[in-house]
Amino acid sequence: MLSKNTQNPHQTCLFNSRLIDIINSNHPLVLLANKIEWKYFEDIFSTHYSRKGRPAMPIRMMVGCMFLKHLYNLGDETLAKQWVENPYMQYFCGCVHFQHKFPCDPSDFVHFRKRIGEKGMKKIFEYTVWLNKMDSDKHKEKGKDKENEKDKNKNIDKVKDSGKDKNVEKEEENKGENNKDKVKEEEMEVEVVLSDTTVQENNTTFPTDAKLYRKIIEKVHKIAVAEGIKQKQSYIRVSKEQLRKASNRRGKNQEKEAKKATGQLKREAEKVVKELEEKLGEKEKEKYQKFIVLIKQVLSQEKGSKNKVYSLHKPYTSCIAKGKAGKPYEFGNKIGLMVDKEEGIVIGVKGFEGNPYDNKTIEPLIKELKEMGIKIREVVYDRGGRGREEIEGVKISIPKKLDKDVSKKERESIREKFRARAGIEGIISHLKRWYRMGVNYYSCLGFGSVQMNAYLSAAAWNLKKWMEKAIRFIFDFIWRMLIETKLDENFVFKFIIKTKVNF
Numbered sequence: 000m001l002s003k004n005t006q007n008p009h010q011t012c013l014f015n016s017r018l019i020d021i022i023n024s025n026h027p028l029v030l031l032a033n034k035i036e037w038k039y040f041e042d043i044f045s046t047h048y049s050r051k052g053r054p055a056m057p058i059r060m061m062v063g064c065m066f067l068k069h070l071y072n073l074g075d076e077t078l079a080k081q082w083v084e085n086p087y088m089q090y091f092c093g094c095v096h097f098q099h100k101f102p103c104d105p106s107d108f109v110h111f112r113k114r115i116g117e118k119g120m121k122k123i124f125e126y127t128v129w130l131n132k133m134d135s136d137k138h139k140e141k142g143k144d145k146e147n148e149k150d151k152n153k154n155i156d157k158v159k160d161s162g163k164d165k166n167v168e169k170e171e172e173n174k175g176e177n178n179k180d181k182v183k184e185e186e187m188e189v190e191v192v193l194s195d196t197t198v199q200e201n202n203t204t205f206p207t208d209a210k211l212y213r214k215i216i217e218k219v220h221k222i223a224v225a226e227g228i229k230q231k232q233s234y235i236r237v238s239k240e241q242l243r244k245a246s247n248r249r250g251k252n253q254e255k256e257a258k259k260a261t262g263q264l265k266r267e268a269e270k271v272v273k274e275l276e277e278k279l280g281e282k283e284k285e286k287y288q289k290f291i292v293l294i295k296q297v298l299s300q301e302k303g304s305k306n307k308v309y310s311l312h313k314p315y316t317s318c319i320a321k322g323k324a325g326k327p328y329e330f331g332n333k334i335g336l337m338v339d340k341e342e343g344i345v346i347g348v349k350g351f352e353g354n355p356y357d358n359k360t361i362e363p364l365i366k367e368l369k370e371m372g373i374k375i376r377e378v379v380y381d382r383g384g385r386g387r388e389e390i391e392g393v394k395i396s397i398p399k400k401l402d403k404d405v406s407k408k409e410r411e412s413i414r415e416k417f418r419a420r421a422g423i424e425g426i427i428s429h430l431k432r433w434y435r436m437g438v439n440y441y442s443c444l445g446f447g448s449v450q451m452n453a454y455l456s457a458a459a460w461n462l463k464k465w466m467e468k469a470i471r472f473i474f475d476f477i478w479r480m481l482i483e484t485k486l487d488e489n490f491v492f493k494f495i496i497k498t499k500v501n502f
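Position 432 of the sequence shown, counted from 1, bears residue number 431 in numbering that gives the first Met the number 0, the numbering being contiguous throughout.
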């Protein structure tokens with residue numbers, strides 16, 4: 000059940016002072032909190048709550064914590080500790096007065112992520128894209144031109160149709176305000192987009208056959224205990240020693256022992272699985288059918304087999320080789336990204352199962368952008384995207400040898416375009432290092448958790464770009480005031496101290 004917002008931000012308290020009176024009103028988090036339309040998220044996600052039951056945490060609180068978690072690279076439990084210490088985080092999440100305790104258990108974040116799912120995270124990401132695009136200078140200029148055209152058309156219509164009622168015009172304006180989503184989708188236009196792929200690793204151990212066999216023995220034992228099945232031998236204690244022998248491969252003698260131990264672990268795992276299948280009833284077999292199929296796939300796979308299982312709790316994990324010296328193989332999922340060339344915000348992100356070739360990731364990303372209402376003209380890609388020059392009316396630019404007839408100016412412009420494409424590499428490294436795209440710790444929705452983590456990481460990056468713009472705007476305002484009015488520098492510094500502007 001949705002909780003009622005009893006806190007009034009304009010009402011003072013006798014014993015507690017308001018957060019807005021204590022904190023710096025020009026802090027980036029405060030500016031961002033005032034800019035975001037929190038009612039938009041409340042209207043969308045309110046359908047996921049029932050009308051009866053215990054009141055849940057406010058939607059603004061949960062969405063705000065999702066943003067803060069990826070903005071500051073925190074976990075669920077570490078976020079709760081930081082939130083209690085930081086008044087700016089509390090204001091961002093909708094608190095009026097300072098809180099000395101975190102209002103919920105960190106496990107509530109897991110329930111919220113399950114509740115809204117992958118589609119809900121996509122809407123959160125779309126909103127961050129819209130937030131940045133609406134504040135861009137080019138969009139404001141286009142908006143002014145459209146408003147001027149509308150005013151001209153209205154004046155012409157008034158002259159032509161002077162007998163019409165004014166109530167009709169008011170109703171049309173109200174309809175336009177209510178359908179904000181449609182307006183957002185129509186007005187997004189991006190000329191040039193930079194695209195690339197990266198690997199989002201899953202939170203799994205380095206996969207070896209011995210580790211997988213040991214996990215099978217442990218999980219089968221848990222199922223047997225839960226269903227009340229008596230095993231002839233569980234192999235829990237023996238498999239632990241064999242796993243230790245299998246991991247030691249220093250000398251020639253130890254290698255022989257390691258191979259022998261892995262073979263013995265495999266035979267023990269096969270025995271345990273066979274015994275479980277025999278003793279399970281029909282209802283229990285249906286319950287654990289997917290898990291038994293997965294176990295059999297692990298036991299049957301060999302060195303040269305395709306579509307291997309590298310993890311039991313994340314079976315969608317793939318082995319991807321990107322040719323890195325430090326990490327020749329990465330175990331996770333491939334993520335496709337599309338970045339606006341001018342503003343540097345992520346406008347498209349998508350996770351892929353398996354290990355598809357890079358040129359096969361472009362079309363799904365373009366389709367996703369069209370669903371969001373973003374029109375693009377050109378995608379700049381590296382040589383991994385060769386194969387098609389145009390996809391659904393969008394030009395695909397790939398570096399290649401130029402003809403001798405091409406002039407110097409054209410060559411320089413083409414080279415500059417492909418040099419600018421290298422800027423996406425820096426964005427990817429920031430996303431993976433500081434915004435939690437490097438490792439996916441979510442596992443609540445299966446493969447949907449891969450997409451969920453990618454959406455939240457990209458959304459946090461877009462919010463960070465907006466905060467940087469807000470700080471830059473304040474600095475530009477002060478600098479213009481200094482130049483236009485020709486004031487002394489001492490006056491400007493006094494103004495900065497009084498207004499508490501942080502750079």
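Quick reminder that beta carbons are idealized off the backbone N, C-alpha and C, glycines included.
Worksheet item: Residues in its own chain within less than 7 Å of S442 by CB, not counting five upstream and five downstream?
Response: Against the sequence shown, residue 442 aligns to sequence position 443. Closer than 7 Å at the Cβ level, and outside the excluded window around S442, lie H312, K313, S448.
Worksheet item: Can R385 and N358 be called in contact, C-beta distance under 8 Å?
Response: Reading the sequence shown from its first residue, position 386 is the one you call residue 385. Reading the sequence shown from its first residue, position 359 is the one you call residue 358. Taking 8 Å as the Cβ cut-off, R385 and N358 qualify as a contacting pair.
Discussion item. Can you tell me whether N33 is buried or exposed? The criterion is at least 16 other CB atoms within 10 Å of its CB, across all chains shown.
Written reply: Position 34 of the sequence shown, counted from the start, is the residue given in the question as residue 33. Flag for N33 reads exposed.
Discussion item. Using a Cβ-Cβ cutoff of less than 7 Å, which residues in the same chain neighbour D164 once the five nearest sequence positions on both sides are dropped?
Written reply: Counting from 1 along the sequence shown, the entry for residue 164 is found at position 165. The pLDDT assigned to D164 is 46, lower than 50, so where the model puts this residue is not dependable; a value taken from the coordinates is nonetheless given after this. Within the same chain, D164 has no close Cβ partners at all.
Discussion item. Just to confirm the assignment, what range does the beta strand (DSSP E) spanning C318 have?
Written reply: What you label residue 318 is simply residue 319 of the sequence shown in a count that begins at 1. Looking at the DSSP string, the run of the beta strand (DSSP E) that includes C318 is 317-319.
Discussion item. Determine whether the beta carbon atoms of T127 and G335 lie at a separation below 8 Å.
Written reply: Taking the sequence shown and counting its residues from 1, one reaches residue 127 at position 128. Taking the sequence shown and counting its residues from 1, one reaches residue 335 at position 336. Not closer than 8 Å, so no.
Worksheet entry | Contacts around K68, its chain only, beta-carbon distance under 6 Å, and the 5 residues preceding and following it disregarded | Walking along the sequence shown from the start, residue 68 turns up at place 69. The answer, listed in chain order, is L78.
Worksheet entry | Proximity winner among F446, A55, D42, relative to Q199 (alpha-carbon distances) | Within the sequence shown, the letter at position 200 stands for residue 199. The candidate whose alpha carbon is nearest that of Q199 is F446.
Discussion item. Please list the terminal residues of the continuous alpha helix (DSSP H) segment that includes K273.
Written reply: What you label residue 273 is simply residue 274 of the sequence shown in a count that begins at 1. Note, K273: alpha helix (DSSP H), 251-278.
Worksheet item: According to the neighbour-count rule (16 or more other Cβ atoms, all chains shown, within 10 Å of its Cβ), is C64 buried or exposed?
Response: In the sequence shown, counting from the first residue as 1, residue 64 sits at position 65. By the 10 Å Cβ count, C64 comes out buried.
Worksheet item: With 16 as the cutoff for other CB atoms within 10 Å, does A453 come out buried or exposed?
Response: Translated into the one-based positions of the sequence shown, residue 453 becomes position 454. Per the 10 Å Cβ criterion, buried.
Fill in: DSSP-derived helix/strand/coil call for T196
Reading the sequence shown from its first residue, position 197 is the one you call residue 196. It is a strand residue.
Worksheet item: For the ligand ATP, any of its heavy atoms closer than 7 Å to the Cβ of G422?
Response: In the structure shown, the ligand ATP is absent, as is every other ligand, since no ligand is present at all.
Discussion item. According to DSSP, simplified to helix, strand and coil, what is L73?
Written reply: Counting from 1 along the sequence shown, the entry for residue 73 is found at position 74. L73: coil per DSSP, three-state reduction.
Worksheet item: Between K3 and K284, what straight-line distance do the alpha-carbon atoms span, to the nearest angstrom?
Response: To locate residue 3, count along the sequence shown from 1; it is residue 4. To locate residue 284, count along the sequence shown from 1; it is residue 285. Near 45 Å, if we compare the C-alpha coordinates of K284 and K3.
Worksheet item: Is the beta carbon of A469 less than 8 Å from the beta carbon of Y434?
Response: As a working note, residue 469 is residue 470 in the sequence shown. As a working note, residue 434 is residue 435 in the sequence shown. Going by C-beta atoms, A469 is not nearer than 8 Å to Y434.
Worksheet item: With respect to the alpha helix (DSSP H) encompassing I413, which residues constitute its N-terminal and C-terminal limits?
Response: For the purposes of this step, residue 413 is identified with residue 414 of the sequence shown, where counting begins at 1. First-last of the alpha helix (DSSP H) with I413: 407-420.
Fill in: When R17, I58, L70, E41 are compared against S456, the one with the closest alpha-carbon
Stepping through the sequence shown from its first residue, residue 456 is reached at position 457. Residue L70 is the option with its Cα nearest to S456.
Practice prompt. Measure from the alpha carbon of I373 to the alpha carbon of each residue in L364, V379, Y380, then state which is nearest.
Written response: Position 374 of the sequence shown, counting from 1, holds the residue named residue 373. The shortest C-alpha separation from I373 is found at L364.
Worksheet item: According to the Cβ coordinates, are Q232 and Q263 closer than 8 Å?
Response: Translated into positions along the sequence shown, residue 232 becomes position 233. Translated into positions along the sequence shown, residue 263 becomes position 264. Not closer than 8 Å, so no.
Item to complete: Answer with buried or exposed for I21, where buried requires no fewer than 16 other C-beta atoms within 10 angstroms of its C-beta.
Response: Mapped onto the sequence shown, residue 21 falls at position 22. Answer is exposed; the Cβ neighbour count stays below 16.
Worksheet item: For the region 35-74, which segments carrying the alpha helix (DSSP H) assignment without a break, of at least 4 residues, lie completely within its bounds, in sequence order?
Response: 37-44, 58-70
Discussion item. For R420 and M337, what's the separation of their Cα atoms in angstroms?
Written reply: The sequence position of residue 420 within the sequence shown is 421, counting from 1. The sequence position of residue 337 within the sequence shown is 338, counting from 1. Going by the C-alpha atoms only, they are around 11 Å apart.
Fill in: Nearest candidate by alpha-carbon position, reference V237, set G422, F111, K265
Along the sequence shown, one-based indexing puts residue 237 at 238. Ranking G422, F111, K265 by Cα distance to V237 puts K265 first.
Worksheet item: Taking DSSP as the reference, what is the three-state secondary structure of E190?
Response: Start at 1 with the first residue of the sequence shown, and residue 190 comes out as number 191. In this structure, E190 counts as strand in the three-state DSSP scheme.
Worksheet entry | Own chain, CB closer than 7 Å to E391, minus 5 neighbours either side, in chain order | Here the question's residue 391 lines up with position 392 in the sequence shown. Counting only Cβ-Cβ distances below 7 Å, and skipping sequence neighbours, we find I365.
Worksheet item: To which residues of the same chain is P327 closer than 8 Å at the C-beta, ignoring the five residues directly before and after it?
Response: Counting from 1 along the sequence shown, the entry for residue 327 is found at position 328. So the qualifying residues of the chain are A320.
Worksheet item: Roughly how many whole angstroms lie between the Cα atoms of I294 and T203?
Response: As a working note, residue 294 is residue 295 in the sequence shown. As a working note, residue 203 is residue 204 in the sequence shown. Roughly 17 Å separates the two Cα atoms.
Worksheet item: If you draw a straight line from the alpha carbon of I426 to that of K340, how long is it in whole angstroms?
Response: For the purposes of this step, residue 426 is identified with residue 427 of the sequence shown, where counting begins at 1. For the purposes of this step, residue 340 is identified with residue 341 of the sequence shown, where counting begins at 1. Approximately 11 Å, taken between the alpha carbons.
Item to complete: Label M436 either buried or exposed according to how many other C-beta atoms from any shown protein chain fall within 10 Å of its C-beta, with 16 as the threshold for buried.
Response: Position 437 of the sequence shown holds residue 436. Buried: at least 16 other Cβ atoms inside 10 Å.
Worksheet entry | Limits of the beta strand (DSSP E) - the one that R376 falls within | Locating residue 376 in the sequence shown gives position 377, counting from the first residue. From DSSP, the beta strand (DSSP E) with R376 extends over 374-379.
Worksheet entry | E370 in three-state terms, based on DSSP | As a first step, residue 370 is located in the sequence shown; it is residue number 371 there, counting from the start. In the structure shown, E370 sits in a helix (DSSP, three-state: H, G or I).
Discussion item. Closest to P206 by C-alpha separation, out of V224, V297, K113, would be which residue?
Written reply: Counting from 1 along the sequence shown, the entry for residue 206 is found at position 207. Of the candidates V224, V297, K113, the one whose C-alpha sits nearest the C-alpha of P206 is V297.
Discussion item. 8 Å is my cut-off, CB to CB: does A419 come that close to chain D?
Written reply: Here chain D cannot be found, since the structure has a single protein chain.
Item to complete: Would you kindly work out how many angstroms separate the C-alpha atoms of R432 and E276, rounded to a whole number?
Response: Position 433 of the sequence shown, counted from the first residue, corresponds to residue 432. Position 277 of the sequence shown, counted from the first residue, corresponds to residue 276. Looking at the two C-alpha atoms, the distance is approximately 44 Å.
Worksheet item: Any idea which residues DSSP pairs H96 with across the strands?
Response: Here residue 96 is taken as the residue at index 97 of the sequence shown, counted from 1. Partner(s): R17.
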